[in-house]
Amino acid sequence: MNIPCDIAVNSTQKQLPTCSRCQLVLGNQLVRALDGAFHPECFTCTDCHTPVAAEFFPFETDTGTLPLCERDYFRRLGLVCAHCDDALRGAYIIALDKKYHTDHFMCSTCSTTFGTDDSYYEHNGQVFCHFHYSTQFAVMCAGCQMAILKQYVEIDRKDAIDHWHLECYMIHKYWNVKVAQHLPDTINHPDYLPQNAAQLLEKQHDMEDKVFRIWQVLSAFEESSAVCISEMMLHVSNAAYLESICLSERFLVHVEALFAGVDELCKLYETYNQEDFKYTRESKILCKKIINFFSLLSRTQEMRKLGITQELLALVTGLAHYLKILLRVALTAALQLELLVNQPVAVSRLLAKLMEVAGKERHSRDSQMLIKGRQATDVCHHCKTTVEDQCWRYGQCRWHFKCFHCRQCKRPLSNDAEHAVFSSASLSVLCVQCTGLKSSNTTFERISKLSQYAFLLRVALSRLCSLLQITDNQLSSVDTSIKSRLAHHGKDASGKEVATSTLDKVPAMSSVLEDKITCYPTHIPDVKVVQSTKLERKMSRSFKTAKRSTILGNVNMSTPVVSEDVQRSSKPAPARLDSLKRRLDQHKDLPPLPHNPTPLTRQQQQQQQSMQPVMLEDNPPVINTQRTVLEDHAPVVQSPSEHFRPMINRTIATTACGRPRIYLSELSALQYMIVRHVAVVQIEPYVRSFFTLSDLLNLIEFKKSSIWGKFFTSFRSGGTRKGYKGKEEGTFGVSLDFLTEKTGVESNLGAGPSPIKIPAFIDDAVTAMRQMDMSVEGVFRKNGNIRRLKDLSEQLDKNPHDVNLSSDNAIQIAALLKKFLREMPDPLLTYKLFSLFICAHKIENSVARKRVLHLACCMLPRCNRDTMEVLFLFLRWVASFSHVTSDTGSRMDITNLARVMAPNILTSSSKDPAKDDSFTAIHIVEMLLDSYEEFCLIPEDMEEFLEDPTLTEGRGELSSKDFLKKMEQVIRKKPATEQTRISEHSSTSMYAQQNHIPYSYTPIAK
-18 MNIPCDIAVN STQKQLPTCS RCQLVLGNQL VRALDGAFHP ECFTCTDCHT PVAAEFFPFE
42 TDTGTLPLCE RDYFRRLGLV CAHCDDALRG AYIIALDKKY HTDHFMCSTC STTFGTDDSY
102 YEHNGQVFCH FHYSTQFAVM CAGCQMAILK QYVEIDRKDA IDHWHLECYM IHKYWNVKVA
162 QHLPDTINHP DYLPQNAAQL LEKQHDMEDK VFRIWQVLSA FEESSAVCIS EMMLHVSNAA
222 YLESICLSER FLVHVEALFA GVDELCKLYE TYNQEDFKYT RESKILCKKI INFFSLLSRT
282 QEMRKLGITQ ELLALVTGLA HYLKILLRVA LTAALQLELL VNQPVAVSRL LAKLMEVAGK
342 ERHSRDSQML IKGRQATDVC HHCKTTVEDQ CWRYGQCRWH FKCFHCRQCK RPLSNDAEHA
402 VFSSASLSVL CVQCTGLKSS NTTFERISKL SQYAFLLRVA LSRLCSLLQI TDNQLSSVDT
462 SIKSRLAHHG KDASGKEVAT STLDKVPAMS SVLEDKITCY PTHIPDVKVV QSTKLERKMS
522 RSFKTAKRST ILGNVNMSTP VVSEDVQRSS KPAPARLDSL KRRLDQHKDL PPLPHNPTPL
582 TRQQQQQQQS MQPVMLEDNP PVINTQRTVL EDHAPVVQSP SEHFRPMINR TIATTACGRP
642 RIYLSELSAL QYMIVRHVAV VQIEPYVRSF FTLSDLLNLI EFKKSSIWGK FFTSFRSGGT
702 RKGYKGKEEG TFGVSLDFLT EKTGVESNLG AGPSPIKIPA FIDDAVTAMR QMDMSVEGVF
762 RKNGNIRRLK DLSEQLDKNP HDVNLSSDNA IQIAALLKKF LREMPDPLLT YKLFSLFICA
822 HKIENSVARK RVLHLACCML PRCNRDTMEV LFLFLRWVAS FSHVTSDTGS RMDITNLARV
882 MAPNILTSSS KDPAKDDSFT AIHIVEMLLD SYEEFCLIPE DMEEFLEDPT LTEGRGELSS
942 KDFLKKMEQV IRKKPATEQT RISEHSSTSM YAQQNHIPYS YTPIAK
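Counting with my numbering, you get residues -18 to 987 for the letters of the sequence shown.
Written as structure tokens, this is what we have:
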């Protein structure tokens, strides 16, 4: 069979090798690779099409093996430098999910190259060095004005967010001091700005060390003094006067150290020719408080066991309050001086004096024995009157400045002490001219005002010991036992040491500082000074995380092994937070209402109270106002100024059956609505002559048909109230509920453990005044500076976040607070409930009158009641400073406060002069202030309704009248035994005064 010619030709062509890519016949030059043959120009990189006949890198894929050039091969393996886009053939660095050559990982702004142990900072995907990140992108601390590079505290406001270093925040929280206090003309001055990275790093380290040192020393000093004060109170209340005197002596050591620190600052102010700062009034009141405490101890013959009385509470609270104020004055003065002279000369000297507390305690007994061993020398050697100011001293003799003159020629020597001579023969002062000497051979010592105050306190303590016939041997015998007991405060339930007092740390306070670091406070439940929406702390390990560069090497160039990123530990740095062990506070929902727990016996309650640590804060403790909430999560670490809390504040308010009482601030929206309706039913029998049940119901009923419409209005209308025609902008003249919705903050200034939402202005004003001296005469009575009051009002209306109320005095802020309350469209106690409050005054029985006021408070709108709780508790605290001493105090007791506050919070909408009930309103406000700790709690007999699940059914459709009918059904279903048990409640229950069926109810006609 013959084969056609063309077929033979085709057969010959099939036998020739072809290119695996272009399918053309190969020539003399070809490339054999990847199980195929290619023209040299056809064998190219799959990605960039560059000829790779000389060298290629096979890359396995799902579809087969691909030839790649070196660059694309490394790119597909993820081994290309992000800076130069070249292959990483050797060691490289992994950062920001990218890889770099070791010499290409550098700052995006400058040429700083990061090594293996260097930190870098990222911003928007770019890498920056410490200097450029700190100066261009880092968030500044609101306290020290330094860049925040690590852990921080975030205070979320409505329009802004404040960021703080943790120590800066704690200093501001407890002492209301910002470490960086800039003068107006120095904020952007070139001398105050770092010029290079070295200067910036040095400045940051110096500030970091200073802040950390301030927090360490001041918190340890305050903790140590708080232990003394609280133990003094407990020993006096238990008639252990010997221990009280011993602890008083230890407390004097703290006062002397603080006085010495203030004197040191005064010398520095004089050295640098600066105007003196004011400290005399605070120090004098502190001394008078201590003298009053000694006077209380001297009356031991009049009583066997004093107990915790209001007088004792006022004294010990005043000690803690004015010690804190003087400490704040000293710290502020030290920081201000360093700012004025631009030299770190003041803070270190102040802290050094405070650190001497532990060392001085060893010699405290010796100094006390010396004073007791000789006649008291608190009188002037010349005029024989008490020396209560700066003076001159020689040996045991002291002279007023005006009495320090020559005995013969009467030449004043106060400013010429180097020419004064003490005559042993006449026991008097002579000048060198009268003695015939060329120069003085006597050295007189100038005693400062605070040194003389400290000496007078020592003399008073010695006289107290003499009066009570207490010897040094007796004091020494109790000294050791007190030390061991104070040290016991540093043990937790398991016996582990968490914090110890400086009293038993002898060479210095540094040991207690080391102990305190292990329990650094992280639970910050009460953010006060700054305006915040959520008022909760947000913690972050790094604002822009400082990551570590990691170098990895390729084992095989053609088959590189991709390793995991190995984190290298950073070398120790003076980081303010890395050396501190902390736990984040747990924010959990409110626990459910208690269900009849097993009542504690009296002995168990006493043991439980004795386990609670004691401390005295600025707020005077009020009996039976707080209850202990036992939570199921981890216990919170106490902060230094909260490590010892007054035992009286830990007293558990319990019902007759022994379970803890419930605060109104703890209730949910539904629970509070139930309380308001129950209060209407319970108050009706008392005011039946003046109100019908329908009238009372109208006092709490909203215009919406559903009682739940009020709570969901803001959600349905996008956060604003539909139909609201009042003022919506600003702070003054705005409805309270609208202002609370707009600027409300979760405040911890209430009586209960749960935060309550109040307007930010109320929280800021109360917080600022709690940090001030409220013994100023006429506070809340005087109107302050009228022009300044107007300016502040306008600023708060326009830019409330730019107003710092702490910069004004107490009288000015109090006047501003009264103006705010006075200009509210609806007063705090509301126009609706005005007649009900006034009606309570007509009830003759005092117990029933108190009951009606309690129920009327429960009927207030939620925002009004919460604001009232914060305001009234604060006013009670202000009243404790009405008579600090016989000649010092604000004179604003509860009666006077009621007189000036009633026209601002309890007024009628009627303008008829014949219906003026202003005097009655004053009496009502006074009664509310007298018993408001109890009015913060739910009446005991209402708790039964909060636990009834039937009242929550159909909550979205019920009107107020329907809700009352449902409540009547709940009452009728209660068994007789339950009604009997309820009727046995304390006298605060209405069943103690009525003989009808509980919750007697008059039906309402439809």
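Quick reminder that beta carbons are idealized off the backbone N, C-alpha and C, glycines included.
What you are looking at is a predicted structure, and each value in this text was computed from that prediction instead of being measured.
Q. Are the beta-carbon atoms of A178 and H104 separated by less than 8 Å?
A. Walking along the sequence shown from the start, residue 178 turns up at place 197. Walking along the sequence shown from the start, residue 104 turns up at place 123. Not closer than 8 Å, so no.
Open item on the list: Distance check for M805 and T721, CA to CA, integer angstroms please.
Closed with: Indexing the sequence shown from 1 puts residue 721 at position 740. Indexing the sequence shown from 1 puts residue 805 at position 824. Going by C-alpha positions, T721 is about 13 Å away from M805.
Cutting at 7 Å between CB atoms, please list the residues of its own chain near M923, excluding the five before and the five after it.
By one-based count along the sequence shown, residue 923 stands at place 942. The answer, listed in chain order, is V656 and V659.
Item to check | Residues bridged to T46 (per DSSP) | outcome: Locating residue 46 in the sequence shown gives position 65, counting from the first residue. The partner list for T46 (beta bridge, DSSP) reads E41.
Worksheet entry | alpha helix (DSSP H) runs wholly inside the region 382 to 462, at least 4 long, in chain order | For the region 382 to 462, whole alpha helix (DSSP H) runs of length 4 or above, ordered along the chain, are 413 to 416 and 430 to 448.
On a Cα-Cα basis, can you pick out the residue from T83, L318, D66 and Q793 that is closest to C247?
For the purposes of this step, residue 247 is taken as residue 266 along the sequence shown, with counting starting at 1. It is L318 whose Cα lies nearest to the Cα of C247.
Presumed contact (8 Å Cβ cut-off) between H386 and R392, rounded CB distance: One-based indexing of the sequence shown puts residue 386 at position 405. One-based indexing of the sequence shown puts residue 392 at position 411. Rounded to the nearest angstrom, the Cβ distance from H386 to R392 is 6 Å, consistent with a contact under 8 Å.
Residue burial classification, H30 (beta-carbon count within 10 angstroms, cutoff 16): In the sequence shown, residue 30 corresponds to position 49, counting from 1. Exposed: under 16 other Cβ atoms inside 10 Å.
Q: For the region 840 to 878, list the alpha helix (DSSP H) runs that are entirely contained and at least 4 residues long, ordered along the chain.
A: Correct list: 843 to 860.
| said: According to DSSP, is A883 part of a helix, a strand, or is it coil? | reply: Reading the sequence shown from its first residue, position 902 is the one you call residue 883. Looking at A883 - three-state DSSP - the assignment turns out to be helix.
When the Cα atoms are used, what is the spatial distance from D929 to L648? Indexing the sequence shown from 1 puts residue 929 at position 948. Indexing the sequence shown from 1 puts residue 648 at position 667. D929 and L648: Cα-Cα distance of roughly 14 Å.
task: Pick out whichever of G765, V326, F382 and F403 has its Cα sitting closest to the Cα of N396.
output: Here residue 396 is taken as the residue at index 415 of the sequence shown, counted from 1. A check of alpha carbon separations from N396 across G765, V326, F382 and F403 identifies F382 as the nearest.
ask   = Which first and last residues belong to the beta strand (DSSP E) in which C209 is found?
value = To locate residue 209, count along the sequence shown from 1; it is residue 228. C209 -> not in any beta strand (DSSP E); alpha helix (DSSP H) instead, spanning A178 to S218.
Of the listed residues M753, S816, T901 and G759, nearest to R872 (C-alpha basis): Against the sequence shown, residue 872 aligns to sequence position 891. When only C-alpha atoms are compared, the closest one is G759.
- Item | Bounding residues of the beta strand (DSSP E) (the contiguous stretch that carries S113) | Here residue 113 refers to the residue found at position 132 when the sequence shown is read from its first residue. The displayed chain sequence assigns His, not Ser, to residue 113. Segment H111 to Q117 is the alpha helix (DSSP H) holding H113; no beta strand (DSSP E) there.
Exercise. List the residues that DSSP assigns as beta-bridge partners of M121.
Key: On the sequence shown, residue 121 is found 140 positions in, with the first residue counted as 1. BP columns for M121 point to A128.
Notebook entry, point to check: Straight-line CA distance for M1065 to C372?
Noted result: The chain is shown from -18 up to 987; residue 1065 falls before or after that span and cannot be answered.
Review point. Looking only at its own chain, which residues have a Cβ that is under 8 Å from the Cβ of P884, when we skip the five neighbours before and after it?
Key: Residue mapping note: residue 884 aligns to position 903 of the sequence shown, counting from 1. Cβ within range, chain order: R803, S899 and A902.
request  = Could you pull out every residue in the same chain whose Cβ sits closer than 8 Å to the Cβ of E263, ignoring the five residues on either side in sequence?
outcome  = For the purposes of this step, residue 263 is taken as residue 282 along the sequence shown, with counting starting at 1. Contacts found: Y303, I306, L307, V310 and D754.
key: Helix, strand or coil at Y375 according to DSSP, with G and I counted as helix   = What you label residue 375 is simply residue 394 of the sequence shown in a count that begins at 1. Look at Y375 here: in three-state DSSP terms it is strand.
### Message
When you compare the region 265 to 281 with the region 289 to 300, are there three or more beta-carbon pairs, one atom per stretch, that lie closer than 8 Å?
### Response
With a cut-off of 8 Å, the region 289 to 300 and the region 265 to 281 count as touching, because enough Cβ pairs lie within range.
Report task. Look up L720 in the DSSP assignment and say whether it is helix, strand or coil. Result -> Numbered from its first residue, the sequence shown carries residue 720 at position 739. In this structure, L720 counts as helix in the three-state DSSP scheme.
### Task
Within the region 702 to 786, note down every full alpha helix (DSSP H) run reaching 4 residues or more, in order along the chain.
If we require 4 residues or more, the alpha helix (DSSP H) runs fully inside the region 702 to 786 come out as 717 to 724, 741 to 751 and 767 to 779.
Using C-beta distances below 6 Å, list every residue in its chain close to M1055, excluding the 5 sequence neighbours before and after it, in chain order.
The chain is shown from -18 up to 987; residue 1055 falls before or after that span and cannot be answered.
Reference T811, options H782, K800, D718 and V784, closest by Cα
Start at 1 with the first residue of the sequence shown, and residue 811 comes out as number 830. When each option's Cα is compared against that of T811, the closest is D718.
query: Is D53 buried or exposed, if buried means 16 or more other CB atoms sit within 10 Å of its CB?
result: Locating residue 53 in the sequence shown gives position 72, counting from the first residue. So D53 ends up on the buried side.
- Query: Bridge partners of G17, per DSSP?
  - Reply: Here residue 17 refers to the residue found at position 36 of the sequence shown. Looking at the DSSP assignment, G17 forms a beta bridge with A14.
Relative to the C-alpha of V865, which candidate in Y114, F38, L770 and C268 has its C-alpha closest? Residue 865 sits at position 884 when you count from the first residue of the sequence shown. Among Y114, F38, L770 and C268, the Cα nearest to that of V865 belongs to C268.
Using 8 Å as the limit for Cβ to Cβ distance, is Q450 near chain D? No chain D is part of this structure, which consists of one protein chain only.
Own chain, CB closer than 7 Å to H400, minus 5 neighbours either side, in chain order: Counted from its first residue, the sequence shown places residue 400 at position 419. Around H400: L394, C412, V413 and S421.
Quiz item: Going by the beta-carbon positions, is the gap between C149 and C122 smaller than 8 Å?
Solution: Against the sequence shown, residue 149 aligns to sequence position 168. Against the sequence shown, residue 122 aligns to sequence position 141. It is a contact, given that the beta carbons lie within the stated cut-off.
Cβ-based neighbour list, I142, same chain, cut-off 8 Å, excluding 5 preceding and 5 following: For the purposes of this step, residue 142 is identified with residue 161 of the sequence shown, where counting begins at 1. Non-local beta-carbon contacts of I142 in its own chain, meaning distances under 8 Å to residues more than five positions away in sequence, involve E135 and I136 in chain order.
### Query
Buried or exposed: which applies to C65, given that a residue is buried once 16 or more other Cβ atoms fall within 10 Å of its Cβ?
For the purposes of this step, residue 65 is taken as residue 84 along the sequence shown, with counting starting at 1. The residue in question, C65, is exposed, as its Cβ has fewer than 16 Cβ neighbours within 10 Å.
E426 burial status per 10 Å Cβ neighbour count (16 or more: buried): If you number the sequence shown from 1, residue 426 lands on position 445. Sixteen is the threshold: since fewer than 16 other Cβ atoms of the shown chains lie within 10 Å of the Cβ of E426, the residue is exposed.
query = Is DSSP giving M948 helix, strand or coil here?
reply = Here residue 948 is taken as the residue at index 967 of the sequence shown, counted from 1. The DSSP-derived three-state label of M948 is helix.
Check whether the region 815 to 830 touches the region 659 to 679, taking contact to mean three or more Cβ pairs, one atom from each stretch, closer than 8 Å.
Cβ pair count under 8 Å is three or more, so yes.
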